[in-house]
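Structure, as structure tokens:
2 protein chains.
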Amino acid sequence: MPKKRRGKRRSGCPLNASVEMLGDRWSLLIIRDMMLRGAKSYKEFLECYEGIATNILADRLRKLVAYGIVTAEPDPSDGRKLNYLLTEKGIDLAPVLTEMVLWAAEHEDTGNQALVRQMRENKEQFLAGVRKRWANRNSPRP
Amino acid sequence: MPKKRRGKRRSGCPLNASVEMLGDRWSLLIIRDMMLRGAKSYKEFLECYEGIATNILADRLRKLVAYGIVTAEPDPSDGRKLNYLLTEKGIDLAPVLTEMVLWAAEHEDTGNQALVRQMRENKEQFLAGVRKRWANRNSPRP
DNA sequence: TAATATCACTTGCATTTCACAAGTAATATA
DNA sequence: TATATTACTTGTGAAATGCAAGTGATATTA
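Line by line, the protein sequences are chains A and B.
For the first sequence, the numbering used here begins at 1 and goes up steadily by one.
For the second sequence, the numbering used here begins at 1001 and goes up steadily by one.
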């Protein structure tokens, strides 16, 4: 029996595409940890926010790769490891995450006030820094 | 037996708060329709994106109200209706939505190119317009 | 080289969420 | 009074999720 498709989503509408890729409890957190904390390996993601189940993490990483937000390449120094790295499409989410963090900081109690202040006081510079670190992390491999 | 709490989430971390409120398939779409299309009633939300189930819509509206993102007040001209309106906290999500739309427009096929162009070419002016329309919608009641 | 450890998963099972259809109470309109 | 509309709730089956316990490949240690 063919898999029944549930919920017909109109894809042409702005935002629908984003929500399809990012509208769940974990994807944005995974991306945040790659972007701001430099997390790269499965194990690091598992430990970053204790609470995500291993099957869910595997599923989300697979989807992020499928959406072109993340790449998975074997670690040259340890054949067991995969390094998950943000693609350009992935790092382009930095403004989205930044606005979300600023919104939450404005309206909720959130931690890491230093980071928030940095984001708020010079958003452009903060974003440039994020992108630069991303470029440096990727470029050393020709 | 008390309900077991699953998944211990650290709330102090930036972004966790946002994801808790917005990290699902529907909340951001509901907010978008309030913000950009002026949708206000249960029925309008149901029709906006056919596919959301009535129980889920009721649940999401309830949560958005609980989070202080939306208010529900009876329509003065029809006692059966409730008008769901964005709070200040809700309208403050405009930059987040804008960045998400721009990101998707950059990397996916999305509709409403006119809106996207408007957002991209003068983001600040676009955001000011959104906020102004929101203020006008709410202020006529003293 | 054998034993053990680490890593990135997969599998199985119970619980929860979700989509869909059908109903309901309150209010409005004819 | 009869019918319609609005904002839901309830029931049901299917899918997604959380958790514990594996598994196979590679690395490290004795």
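Beta carbons are placed, not taken as given, at the ideal position from N, Cα and C, and that holds for glycine.
1) According to DSSP, simplified to helix, strand and coil, what is ASP109(A)?
2) For LEU1057(B) versus TYR1084(B), is the C-beta spacing smaller than 8 Å?
3) Would MET55(A) be called buried (16 or more neighbouring beta carbons within 10 Å of its own) or exposed?
4) Use the C-beta contact count for PRO1074(B): other C-beta atoms within 10 angstroms, 16 or more gives buried, fewer gives exposed.
5) Relative to the C-alpha of ASP1078(B), which residue among SER1041(B), MET1035(B), LYS1123(B) is closest?
6) Near ALA72(A), which residues of its chain fall below 6 Å by C-beta distance, leaving aside the five closest residues on each side in sequence?
7) For the beta strand (DSSP E) that contains LEU1093(B), what are its first and last residues?
8) Please report the distance separating the alpha-carbon of GLU106(A) from that of VAL1116(B).
9) On the DSSP bridge list, what partners appear for VAL70(A)?
10) In the DSSP assignment, the alpha helix (DSSP H) including ASN16(A) goes from what residue to what residue?
11) VAL19(A) touches chain B at which residues, Cβ-Cβ below 7 Å?
12) Kindly list, in the order they appear in chain A, the residues whose Cβ is closer than 7 Å to that of MET1100(B).
13) Counting only beta-carbon separations shorter than 8 Å, does GLU1108(B) have a partner in chain A?
14) Indicate the three-state DSSP secondary structure (helix, strand or coil) for ARG25(A) in the structure shown.
15) Would you report the Cα separation of ASP33(A) and TRP103(A), rounded to the nearest angstrom?
16) Of all the residues that make up the region 1068-1094 of chain B, which are near chain A by a beta-carbon distance shorter than 8 Å?
17) What's the gap between the Cα of ASP1024(B) and the Cα of MET100(A)?
Let me spell this out:
1) Counting from one through the first sequence, the residue named residue 109(A) turns up at place 109. It is coil, neither helix nor strand.
2) Mapped onto the second sequence, residue 1057(B) falls at position 57. Mapped onto the second sequence, residue 1084(B) falls at position 84. Not in contact: LEU1057(B) and TYR1084(B) (Cβ atoms no closer than 8 Å).
3) As a first step, residue 55(A) is located in the first sequence; it is residue number 55 there, counting from the start. Note on residue identity: the sequence assigns Asn, not Met, to residue 55(A). It is exposed - the Cβ of ASN55(A) has fewer than 16 other Cβ atoms within 10 Å.
4) The residue given as residue 1074(B) occupies position 74 in the second sequence. Exposed is the call here.
5) In the second sequence, the residue the question calls residue 1078(B) occupies position 78. The option with the nearest alpha carbon to ASP1078(B) is SER1041(B).
6) As a first step, residue 72(A) must be located in the first sequence, where it is residue number 72. Only VAL65, LEU82, TYR84 meet the Cβ criterion.
7) Taking the second sequence and counting its residues from 1, one reaches residue 1093(B) at position 93. It is not in any beta strand (DSSP E) - LEU1093(B) carries neither H nor E in the DSSP assignment.
8) Locating residue 106(A) in the first sequence gives position 106, counting from the first residue. Locating residue 1116(B) in the second sequence gives position 116, counting from the first residue. Cα-Cα distance, rounded: 26 Å.
9) Taking the first residue of the first sequence as position 1, residue 70(A) is located at position 70. Answer is LEU86(A), bridged to VAL70(A).
10) Position 16 of the first sequence holds residue 16(A). It spans 16-22 - the alpha helix (DSSP H) in which ASN16(A) sits, taken as one unbroken run.
11) The residue you call residue 19(A) lines up with position 19 of the first sequence. Near VAL19(A) (Cβ distances below 7 Å), the residues of chain B are ARG1025, LEU1028, LEU1029.
12) For the purposes of this step, residue 1100(B) is taken as the residue at position 100 of the second sequence. In chain order: LEU15, SER18, VAL96.
13) Residue mapping note: residue 1108(B) aligns to position 108 of the second sequence, counting from 1. GLU1108(B) counts as touching chain A.
14) Position 25 of the first sequence, counting from 1, holds the residue named residue 25(A). Coil, per DSSP.
15) For the purposes of this step, residue 33(A) is taken as residue 33 along the first sequence, with counting starting at 1. For the purposes of this step, residue 103(A) is taken as residue 103 along the first sequence, with counting starting at 1. ASP33(A) and TRP103(A): Cα-Cα distance of roughly 18 Å.
16) GLY1068, LYS1089, ASP1092, LEU1093
17) Sequence index remark: in the second sequence, residue 1024(B) carries index 24 (1-based). Sequence index remark: in the first sequence, residue 100(A) carries index 100 (1-based). In a straight line, the C-alpha of ASP1024(B) is about 14 Å away from that of MET100(A).
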